[in-house]
Amino acid sequence: QQEKSAWSLAKDLKLELRTIVPGFVLGPVLTDHLNFSHEVFLNVLRGPGTPLAPPAKAGHIQNGCMNVVDVREVASAHVLAAEKSEAEGRYVVIAEMPHLADVLGYVE
């Protein structure tokens, strides 16, 4: 909804707009609290899973994938979108899409 509002406002004000839409953002943090991506990742590790995949039976892993990207890649996408005059529109930034079983395997 916020992105739609931004596009509408940009059109009304005749502004150029570029949007960056990342997957789950992981990597170094600069704050002392968890962001949304970290909370979802932590829920996958602890067992409740993600609301973005069908629920799993007790003792099983959800059957779904996570679109993930490193925070530094998202930062680079923002810089490129601002600096490149030919940049326009919406950019989905995803580095990989591992299955939730693979996500759990990363930390084992």
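For the sequence shown, position 39 (counting from the first letter as 1) is numbered 200 according to this note's numbering, and the numbering increases by one without interruption.
For each residue, glycine too, the CB sits at the ideal point set by N, CA and C.
For clarity, every value in this text was computed on a predicted model and none was experimentally measured.
Helix, strand or coil: which one does DSSP assign to residue i?
i, result
"residue 187", "strand"
"residue 210", "coil"
"residue 257", "strand"
What is the C-beta distance between residue i and residue j, in whole angstroms, given that I count them as a contact (C-beta under 8 Å)?
i, j, result
"residue 182", "residue 254", "7 Å"
"residue 261", "residue 229", "With 8 Å as the limit, residue 261 and residue 229 do not qualify as a contact, their Cβ atoms being about 11 Å apart."
"residue 231", "residue 214", "With 8 Å as the limit, residue 231 and residue 214 do not qualify as a contact, their Cβ atoms being about 22 Å apart."
"residue 236", "residue 179", "Actually they are not in contact, since the Cβ atoms of residue 236 and residue 179 sit about 14 Å apart, beyond 8 Å."
"residue 252", "residue 242", "6 Å"
Over what stretch of residues does the alpha helix (DSSP H) that includes residue i continue unbroken?
i, result
"residue 193", "Element bounds for residue 193: n/a, residue is neither H nor E."
"residue 170", "163-173"
"residue 239", "232-244"
Check for me: the beta strand (DSSP E) holding residue i runs from which residue to which?
i, result
"residue 250", "250-254"
In angstroms, rounded to a whole number, what distance separates the CA positions of residue i and residue j?
i, j, result
"residue 227", "residue 206", "13 Å"
"residue 223", "residue 211", "8 Å"
"residue 198", "residue 184", "8 Å"
"residue 167", "residue 267", "37 Å"
"residue 196", "residue 233", "15 Å"
"residue 250", "residue 220", "43 Å"
"residue 164", "residue 209", "29 Å"
Looking at chain D, is there any beta carbon in it that lies within less than 8 Å of the beta carbon of residue i?
i, result
"residue 219", "Within the model displayed, chain D is absent; a lone protein chain is all it includes."
Legend entry - Segment contact, 8 Å Cβ cut-off, at least three pairs: the region 183-196 with the region 162-173: Judged by Cβ distances under 8 Å, the region 183-196 makes no contact with the region 162-173, as fewer than three pairs qualify.
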